[in-house]
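Trainee: Our numbering puts the sequence shown at residues 7 to 451. Glycine included, C-beta positions come from ideal geometry on N, C-alpha and C.
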Amino acid sequence: MIGHLPLYRRGALDFMTRCAREHGDVVALRFAHRRILLVSHPDLIEQVLVTQNSCFQKHFALRLNPLLLGKGLLTSEGDFWLRQRRLVQPAFNRSRLATYAPAVVAATHRLLNEWRPGEQRDIHIDMRRLALDIAAKTLFDADAGAEDAQDISRALEVSGENFMARFQGTIPWPSWLPTPANLRLRRAVRRLDAILFGFIRQRRAQGQSSTVNGGGRGDLLSLLLRARDEEDGRGMSDRQVRDEAMTLFLAGHETTALALSWTWFLLAQNPKAEQKLFDECNAAVAHASASTNASPSFDDLARLPYTEAVLLEAMRLYPPAYVIGREATRDLTLGGFPLRKGQTVLMSQWVVQRDPRFFDEPDEFHPERWLDERTEKLPKFAYFPFGGGPRLCVGNTFAMMEMTLILATLAPRFRFTLAPGCIVRPAASFTLHPAPGIPARIARR
Ligand code: HEM
């Protein structure tokens, strides 16, 4: 009756990997009444995300509950999405990225000040708090107070659970039904709305005229409020700004926190890589100090190629978005398989990025592979932690800048050893979480 759902629910990562390795690049599955195609070859993934992307839209689970993200970038489609993408994209251009960098370094120092050598902490919790702190500052120029931060984390968990329940559910219950899960989500969204509309009202009331970066506030929310369409000169309504801000906030900070957590987890088990990272970051800090900055800044990013390689490799092995989906909007064929309108294609970063056809020693952590010609020869979609095509992650350069600066600020000062006996395993929920967390002891460098 419910097809492959029990196998998927029992362990999505293993199940998808087994399907691809044992049955090939295109595997037909059924989740209750839904027909699914698991596609695991880079060329076919390119077809879905790039060449034939006009034949697809985001998959059903993202559309089922518009309460949280509304018509934000992640979930909208067609001309509306394109217009919004044009309005939001400039907030992530290179010159803007440079203005967010000081907030990243300052937040990292705030966290560092709390750490005491020898103590045991959950690195994942710390990375979540750090990413939240940075998102609040760069998006809203706000300090995520303890209470707001807790509410936001809670709301995130509730919405993640709700998404998974929909994705893996057998009956597509409408979101207006007062089920306990829907009521929990409603409460969480009400709280997030109160926080976000509060920021928007405040900004409109101040006429956004304040100060940062010499003219106009420099946070992302202000950019969204000021953004005007080139063609018709129109801006966004408060509701649309809310949807975009909520989307950037939710899509941005959890994924970044996860990529960082997995990076520390891998470094703790790879002392040679950790030493190389330390050497490079230390040199960058020394260079920064010589030019009166106490920490690496945006201008130092070019001096941190190994640090970037460490992050790329961590996202290869533990991609925060471990699977993405699309729904066919018309009948077509893919890899010789007929795909009917309404059917879903799943493409898993976890599966493809560990495929031995494309990566030698695919389960090993080798940051060096990103620094030699090996990865230049890769098919384009053998590695796609940020998706690809027109719907490529709008925050990918922001995320890379943020994570590189965090590593470069932390690595020269501290290192981690995993708590004895702790077993960390990847848990495939909405994103790829470390379960039960990453308990680690902190040592000063
Ligand atoms: C390591 C960090 C991140 C990872 C791994 C990641 C991953 C992804 C992936 C895989 C997609 C494509 C989803 C799809 O095609 O179905 C995506 C889209 C998106 N991401 Fe990210 N992301 C990260 C950081 C960020 C940040 C920092 C922001 C914003 C501040 C952000 C905002 C978005 C938005 C708005 C979209 C939708 C874009 C569109 O459809 O036009 N992400 N992300």
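According to DSSP, simplified to helix, strand and coil, what is T437?
Mentor: Sequence index remark: in the sequence shown, residue 437 carries index 431 (1-based). Residue state, collapsed to three classes: coil.
Trainee: Using 8 angstroms as the Cβ pair cut-off and three pairs as the minimum, do the segment 280–290 and the segment 154–163 touch?
Mentor: When C-beta atoms of the segment 280–290 are compared with those of the segment 154–163, fewer than three pairs fall below 8 angstroms, so the two segments do not count as touching.
Trainee: What number of angstroms, rounded off, separates the C-alpha of N402 from the C-alpha of K347?
Mentor: Numbered from 1 along the sequence shown, position 396 holds the residue referred to as residue 402. Numbered from 1 along the sequence shown, position 341 holds the residue referred to as residue 347. Roughly 30 angstroms separates the two Cα atoms.
Trainee: At which residues does the alpha helix (DSSP H) containing H313 begin and terminate?
Mentor: Numbered from its first residue, the sequence shown carries residue 313 at position 307. Looking at the sequence shown, residue 313 is not His but Thr. Residues 311–323.
Trainee: Does T114 come out as helix, strand or coil in the three-state DSSP assignment?
Mentor: Within the sequence shown, the letter at position 108 stands for residue 114. DSSP places T114 in helix when its eight states are reduced to three.
Trainee: So what does DSSP say about A290, is it helix, strand or coil?
Mentor: Counted from its first residue, the sequence shown places residue 290 at position 284. In this structure, A290 counts as helix in the three-state DSSP scheme.
Trainee: Is F390 near the ligand HEM, in the sense that its beta carbon is under 8 angstroms from a heavy atom of that ligand?
Mentor: Walking along the sequence shown from the start, residue 390 turns up at place 384. Yes, the beta carbon of F390 sits closer than 8 angstroms to at least one heavy atom of the ligand HEM.
Trainee: Do E314 and W268 come within 9 angstroms of each other at the CB atom, strictly closer than that value?
Mentor: By one-based count along the sequence shown, residue 268 stands at place 262. By one-based count along the sequence shown, residue 314 stands at place 308. Going by C-beta atoms, W268 is not nearer than 9 angstroms to E314.
Trainee: Helix, strand or coil for K77, going by three-state DSSP, please let me know.
Mentor: Taking the sequence shown and counting its residues from 1, one reaches residue 77 at position 71. Looking at K77 - three-state DSSP - the assignment turns out to be coil, as it is neither helix nor strand.
Trainee: Report all residues from its chain with a CB closer than 7 angstroms to the CB of N59; omit the five preceding and five following residues, and keep chain order.
Mentor: Residue numbering aside, residue 59 sits at position 53 when the sequence shown is read from its first letter. In the same chain as N59, and ignoring 5 residues on each side of it, the C-beta atoms closer than 7 angstroms to its own belong to G395, P396, in chain order.
Trainee: With DSSP collapsed to three states, give me the class of P186.
Mentor: Numbered from its first residue, the sequence shown carries residue 186 at position 180. P186 falls in the helix class under three-state DSSP.
Trainee: Give me the residue from F146, R419, E379 with the minimum Cα distance to C287.
Mentor: Locating residue 287 in the sequence shown gives position 281, counting from the first residue. The shortest C-alpha separation from C287 is found at R419.
Trainee: Using 8 angstroms as the threshold, is the segment 406–416 in touch with the segment 382–391, meaning 3 or more CB pairs across them?
Mentor: no
Trainee: In the structure shown, what three-state DSSP assignment does K383 receive?
Mentor: Working through the sequence shown from its first residue, we reach residue 383 at position 377. DSSP places K383 in helix when its eight states are reduced to three.
Trainee: Which of the three DSSP states, helix, strand or coil, is assigned to I8?
Mentor: Taking the first residue of the sequence shown as position 1, residue 8 is located at position 2. Coil at I8, not helix or strand.
Trainee: Secondary structure at L340, three-state DSSP: helix, strand or coil?
Mentor: The residue labelled residue 340 in the question sits at position 334 within the sequence shown. Correct three-state label for L340: strand.
Trainee: In this structure, how does DSSP classify L103 when only helix, strand and coil are distinguished?
Mentor: Counted from its first residue, the sequence shown places residue 103 at position 97. DSSP places L103 in helix when its eight states are reduced to three.
Trainee: Looking at N99 and the ligand HEM, is the gap between the Cβ and the nearest heavy atom below 8 angstroms?
Mentor: Counting from 1 along the sequence shown, the entry for residue 99 is found at position 93. No, since every heavy atom of the ligand HEM falls outside the 8 angstroms radius drawn around the Cβ of N99.
Trainee: Give me, in chain order, the residues of the same chain whose beta-carbon lies closer than 6 angstroms to that of L80; leave out the 5 immediate sequence neighbours on both sides.
Mentor: Here the question's residue 80 lines up with position 74 in the sequence shown. Closer than 6 angstroms at Cβ, skipping near neighbours: T253, A257.
Trainee: What separation, rounded to the nearest whole angstrom, lies between the Cα atoms of R234 and T57?
Mentor: Residue 234 sits at position 228 when you count from the first residue of the sequence shown. Residue 57 sits at position 51 when you count from the first residue of the sequence shown. So the two alpha carbons sit approximately 30 angstroms from each other.
Trainee: Evaluate contact between the segment 81–99 and the segment 230–248, counting only Cβ atoms and requiring at least three cross-stretch pairs below 8 angstroms.
Mentor: yes
Trainee: Kindly indicate which three-state DSSP category M242 falls into: helix, strand or coil?
Mentor: As a position in the sequence shown, residue 242 is number 236, starting the count at 1. Three-state DSSP puts M242 in coil, outside helix and strand.
Trainee: Report the option in V110, D132, V111 whose CA atom is closest to the CA atom of E120.
Mentor: Sequence index remark: in the sequence shown, residue 120 carries index 114 (1-based). Minimum Cα distance to E120 is reached at D132.
Trainee: Counting beta carbon pairs with one atom in the segment 175–184 and one in the segment 194–212, are three or more of them shorter than 8 angstroms?
Mentor: no
Trainee: Under 9 angstroms between C-beta atoms, does D369 make it to chain E?
Mentor: Any reference to chain E falls outside this structure, which holds one protein chain only.
Trainee: Candidates E260, P373, W356: which alpha carbon is nearest G17's?
Mentor: Residue mapping note: residue 17 aligns to position 11 of the sequence shown, counting from 1. The candidate whose alpha carbon is nearest that of G17 is W356.
Trainee: Assign A26 to buried or exposed, taking buried as 16 or more other Cβ atoms, counted over all protein chains shown, within 10 Å of its Cβ.
Mentor: In the sequence shown, residue 26 corresponds to position 20, counting from 1. Per the 10 Å Cβ criterion, buried.
Trainee: Taking the alpha-carbon of Q246 as reference, which of M7, L75, L424, H65 has the nearest alpha-carbon?
Mentor: Here residue 246 is taken as the residue at index 240 of the sequence shown, counted from 1. Out of M7, L75, L424, H65, L75 has the C-alpha closest to the C-alpha of Q246.
Trainee: Measuring from the CB of K143, is there a heavy atom of the ligand HEM at a distance below 8 angstroms?
Mentor: Here residue 143 corresponds to residue number 137 of the sequence shown, with the count starting at 1. No, the Cβ of K143 stays beyond 8 angstroms of every heavy atom of the ligand HEM.
Trainee: Tell me which same chain residues have a C-beta within less than 6 angstroms of the C-beta of A141, skipping the five on either side of it?
Mentor: As a working note, residue 141 is residue 135 in the sequence shown. The beta carbon of A141 is closer than 6 angstroms to those of F255, G258, H259 in its chain, skipping five residues each way along the sequence.
Trainee: Around the Cβ of K143, are there at least 16 other Cβ atoms within 10 angstroms (buried) or fewer (exposed)?
Mentor: Taking the first residue of the sequence shown as position 1, residue 143 is located at position 137. Result: buried.
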